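Under our numbering, read the sequence shown as residues 27 to 240, first letter to last.
Yeah, the Cβ is synthetic: ideal placement off N, Cα and C, and Gly gets one too.
On a predicted model such as this, the values are computed, not experimentally measured, just so you know.
Notes follow once the structure below has been shown.
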Amino acid sequence: MLKISSFQFNSYAENTYCIYNEYNELIIVDPGCYQPNEYTTLIDFIDEKKMKPVQMILTHAHIDHIYGVNKLCLDFKIEPYMSALEVPVYEMAIWAGELFGTPVDKYEGNFHFIDETSVIKLRNDTLKILHTPGHSPGSLSFYDATQNWVISGDTLFLNSIGRTDFPLCNHNDLISAIQNKLYQLPDNTTVYSGHGHPTNIGYEKKMNPFVKAN
Ligand SMILES: [Zn+2]
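See the structure below:
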């Protein structure tokens, strides 16, 4: 059975998630660590629970979700997994970091590419991958069907939806990803978003001011 812990990092208040099993094997999701104390917070959590990071997965490659990719991959000898459609988004994040004066520690290693035909496995547990584009072309959501939760990246938030005013965003794609993928999950599915508090599918289908259920 997977457990999930969340951390809020960097000036964008991004949510980084740790998913781990009873053997203390751990997947790091969207490492937004930027300041030294943010790395310390995450690494202390991992050390105190004697966890072994085995994989890193990215919902998407915007700057606030990828600051920690390089250091954590090198430190823990793991490699990042994301959609191939996020390669130009990652390159843009490097450029944006220079532009905003918050340079990204660029990862020069190997990215593994995943899509809806792939599965994230942590020993006996699996996460289903949903392609939920719109906020970025290769945005992915990670769904635990056993315990009914989904990590939605910046696609769906409590009472809100992802921005689509950045390059490579597509508003219609976002709306249809929410209606046709996320809103098809059971109403009691907990949604862990890339920013802000968790919510659930049933609540958003009724109350989300931007996207109602079909
Ligand atoms: Zn984003």
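Inset, instruction - Would you check if there are 3 or more beta carbon pairs closer than 8 Å linking the region 180-196 to the region 99-108? - result: no
Inset, instruction - Starting from the C-beta of residue 42, find all residues in its chain whose C-beta is less than 6 Å away, skip the five residues before and the five after it, and write them out in chain order. - result: 33, 35, 56, 57 and 58
Inset, instruction - Name the residue from 134, 78, 215 and 168 whose alpha carbon lies nearest to the alpha carbon of residue 113. - result: 134
Inset, instruction - Using 6 Å as the cut-off, classify the Cβ of residue 88 as near or not near the heavy atoms of ligand 1, replying yes or no. - result: Yes.
Legend entry - Neighbourhood of residue 144 by C-beta distance below 7 Å, restricted to the same chain and skipping five residues each side: 155
Inset, instruction - Taking all protein chains shown into account, decide if residue 121 is buried (16 or more other Cβ within 10 angstroms of its Cβ) or exposed. - result: exposed
Inset, instruction - Please list, in chain order, all residues of the same chain as residue 27 whose beta carbon is under 8 Å from its beta carbon, the five residues on each side excluded. - result: 47, 48, 151, 172 and 173
Inset, instruction - Report buried or exposed for residue 118, applying the criterion of at least 16 other Cβ atoms within 10 angstroms of its Cβ. - result: Residue 118 counts as buried, since no fewer than 16 other beta carbons sit within 10 angstroms of its beta carbon.
Legend entry - Residue(s) in a DSSP beta bridge with residue 41: Residue 41 pairs with 34.
Legend entry - Straight-line Cα distance separating residue 71 from residue 146: Residue 146 and residue 71: Cα-Cα distance of roughly 22 Å.
Legend entry - Exposure label - residue 62; buried when at least 16 CB within 10 Å: exposed
Inset, instruction - May I have the straight-line CA-CA distance separating residue 93 from residue 205, to the nearest angstrom? - result: 30 Å
Inset, instruction - May I ask you to check if the CB of residue 180 is nearer than 6 Å to at least one heavy atom of ligand 1? - result: yes
Legend entry - Candidates 213, 99, 207 and 52: closest to residue 137 by CA position: Distances from the CA of residue 137 to each of 213, 99, 207 and 52 were compared; the closest alpha carbon is that of 99.
Inset, instruction - Write down every uninterrupted run of the beta strand (DSSP E) in the region 179-234 whose length is 3 residues or greater and which is fully enclosed by it, in chain order. - result: For the region 179-234, whole beta strand (DSSP E) runs of length 3 or above, ordered along the chain, are 216-219.
Legend entry - Assumed close pair residue 217, residue 182 - CB separation to whole angstroms, cut-off 8 Å: Yes, residue 217 and residue 182 are in contact; Cβ-Cβ is about 6 Å, under 8 Å.
Legend entry - beta strand (DSSP E) segment containing residue 115, residue limits: Unbroken run through residue 115 is the alpha helix (DSSP H), 113-126; no beta strand (DSSP E).
Legend entry - Any non-hydrogen atom of ligand 3 closer than 6 Å to residue 188 Cβ: Only ligand 1 can be found as ligands here, which leaves ligand 3 out of the picture.
Legend entry - Short Cβ contact (7 Å threshold) for residue 91 with residue 40: yes
Legend entry - Euclidean distance between Cα positions of residue 227 and residue 170: 14 Å
Legend entry - Contact belief for residue 167 with residue 208 at Cβ below 8 Å, rounded distance in angstroms: 7 Å
Legend entry - Assigned secondary structure, residue 97 (DSSP; H/G/I helix, E/B strand, else coil): Assignment of residue 97 by DSSP, reduced to helix, strand and coil, places it in the helix class.
Legend entry - Classification of residue 127 by the beta-carbon crowding that lies within 10 angstroms, buried from 16 upward: exposed
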